[in-house]
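Asks: Structure below; questions to follow.
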Amino acid sequence: MPELPEVETSRRGIEPHIIKMRITKVTIRKRKLRWPISYAIDHNLPGQKVLSVTRRAKYLLINFKTGSIMLHLGMTGSVSIVKNSAPAGIHDHVDIDFDSGKTLRFRDPRRFGSLHWSKKPMQHKLLKSLGPEPLNDHFDANYLWKKSRGRKVSIKQFIMNAQIVVGVGNIYASESLFLAGINPKRAAGKISHNRYKDLVDSIKGILIKAIKAGGTTLRDFYRSDGKAGYFIQQLQVYGRDGEHCSYCDSIIVSIVQGQRSTFYCKQCQT
DNA sequence: CTAAGGACCTGTCGGC
DNA sequence: TGCCGACAGGTCCTTA
């Protein structure tokens with residue numbers, strides 16, 4: 710679920726429901742997530758009014774006068790808006806109640822997600838050394854080309870490295886490399902400036918498309934679980950090993966890089 | 001500094 | 001049908 714487009718979709722989904730609303734109560738059923746939820750959350754939230762909901766990388770930032778909640782969805786996390794005191798399921802770890810009668814609920818079966826309170830989130834350890842946002846103008850071919858010189862790591866792992874650029878997850882890494890015609894095994898340091906141009910265009914293009922498709926998710930979002938067939942129809946290689954490439958008809962293969970699956974077309978990607 | 005691998009969790013699916 | 005291993009949209013931390 711939570712690639713950057715999904716996080717952005719979540720942000721857009723919850724903001725209108727909680728902006729300008731005041732927190733009345735916080736219920737934490739399970740503190741043990743990726744990191745234990747600090748009691749700073751319990752202490753700081755009640756009485757606070759939401760000023761905005763923003764995003765940095767895959768973190769949702771819920772901003773208040775004195776600080777921010779940093780919420781990461783991990784692999785399986787999701788947020789939803791429910792009524793105050795709606796019955797909670799086994800994986801509903803956190804409820805934040807508002808004076809509007811609505812509750813922001815965080816659910817996460819695998820508990821790789823996290824929740825922090827920070828007075829200055831951008832200075833927070835987890836955010837301060839992140840690379841640029843992929844949709845920002847600072848993220849361009851020149852930047853990637855320069856950053857990659859001397860790097861032996863594969864291009865796929867390189868673009869998934871959040872120190873280099875944030876928000877490119879396992880799905881869109883494979884997809885953007887397919888669109889750019891680059892073999893995922895190629896060393897990042899040996900890719901030309903021109904090819905980085907194609908890659909940057911592909912990354913930006915697919916993320917924008919996926920965010921637009923997030924509108925579909927948004928509608929499901931308020932129905933119990935946002936599962937549905939989100940963007941799957943538009944994926945060219947991810948999860949399609951054994952199928953024919955839509956471009957050249959040869960068979961899409963899957964390999965493992967950095968303990969993650971990669972999908973690509975040997976014919977189209979060189 | 002870079003790169004590689006382990007760790008953290010639960011749920012689901014395919015094979016035997 | 002039941003059990004078991006493999007694998008899953010993330011990313012930090014340790015080690016070499």
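Everything in the first sequence is counted per my numbering, starting at 710 for the first residue and increasing by one. Cβ atoms here follow ideal geometry from the backbone N, Cα and C, with glycine treated the same way.
(1) By alpha-carbon positions, which one of Lys918, Thr736, Lys758, Lys741 ends up nearest to Asp751?
(2) Counting along the chain, where does the alpha helix (DSSP H) carrying Asp907 start and finish?
(3) For Gln978, is the classification buried or exposed, using 16 other Cβ atoms within 10 angstroms of its Cβ as the cut-off for buried?
(4) Whole beta strand (DSSP E) runs in the stretch 774-809 with 3 or more residues, listed along the chain?
(5) Does DSSP classify Lys729 as helix, strand or coil?
(6) For a test of the three-state rule: what should DSSP assign to Ser847, helix, strand or coil?
(7) Out of Asp958, Leu888, Arg949, Val877, which one is the CA nearest neighbour of Ile964?
(8) Check each candidate in Ala749, Arg764, Met784, Leu839 and name the one with the smallest Cα separation from Ile873.
(9) Just checking my contact of Leu813 with Ile790 at CB under 8 Å: how many whole Å lie between their CB atoms?
(10) Along the chain, where does the beta strand (DSSP E) containing His953 start, and where does it finish?
(11) What distance in whole Å lies between the Cβ atoms of Gly783 and Gly822, which are believed to be in contact at a cut-off of 8 Å?
(12) Let me know the secondary structure DSSP gives Asn889 once reduced to three states.
(13) For Asn870 and Gly878, what's the separation of their Cα atoms in angstroms?
(14) Hey, could you find the ends of the beta strand (DSSP E) Ile746 is sitting in?
(15) Please state the DSSP three-state secondary structure of Thr718.
(16) Could you please give the first and the last residue of the uninterrupted alpha helix (DSSP H) stretch that includes Ile864?
(17) Pair every Cβ in the stretch 902-910 with every Cβ in the stretch 834-853, then say whether three or more of these pairs are closer than 8 Å.
(18) The beta strand (DSSP E) spanning Leu944 covers which residue range?
(19) Helix, strand or coil for Ile880? Go by DSSP, reduced to three states.
(20) Tell me, please, which residues DSSP counts as bridged to Phe821.
(21) Near Ile961, which residues of its chain fall below 8 Å by C-beta distance, leaving aside the five closest residues on each side in sequence?
(22) May I ask which residues mark the beginning and end of the beta strand (DSSP E) holding Lys811?
(23) Should Lys918 and Gln943 be called a contact, given that it needs their Cβ atoms to be closer than 8 Å?
(24) Within a Cβ cutoff of 6 Å, which residues of the same chain sit near Arg720, ignoring the five residues on either side of it in sequence?
Replies: Answer, in terms of the structure:
(1) Thr736
(2) 902-930
(3) buried
(4) 777-781, 787-792, 801-807
(5) coil
(6) The residue asked about is misnamed: residue 847 is His in this sequence, not Ser. Of the three classes helix, strand and coil, the one that applies to His847 here is coil, per DSSP.
(7) Arg949
(8) Leu839
(9) 6 Å
(10) Where His953 is concerned, there is no enclosing beta strand (DSSP E), given that its DSSP letter is neither H nor E.
(11) 4 Å
(12) A small fix is needed here, since residue 889 is Ala in this sequence, not Asn. In the structure shown, Ala889 sits in a helix (DSSP, three-state: H, G or I).
(13) 9 Å
(14) Per DSSP, Ile746 belongs to no beta strand (DSSP E) and is neither H nor E.
(15) helix
(16) 864-869
(17) yes
(18) Neither: Leu944 is in no beta strand (DSSP E) and is coded neither H nor E.
(19) helix
(20) Answer is none; Phe821 lacks a bridge partner.
(21) Val946, Arg949, Asp950, Gly951, Glu952, His953, Cys954, Phe972, Tyr973, Cys974
(22) 811-816
(23) yes
(24) Val762, Arg764, Leu769
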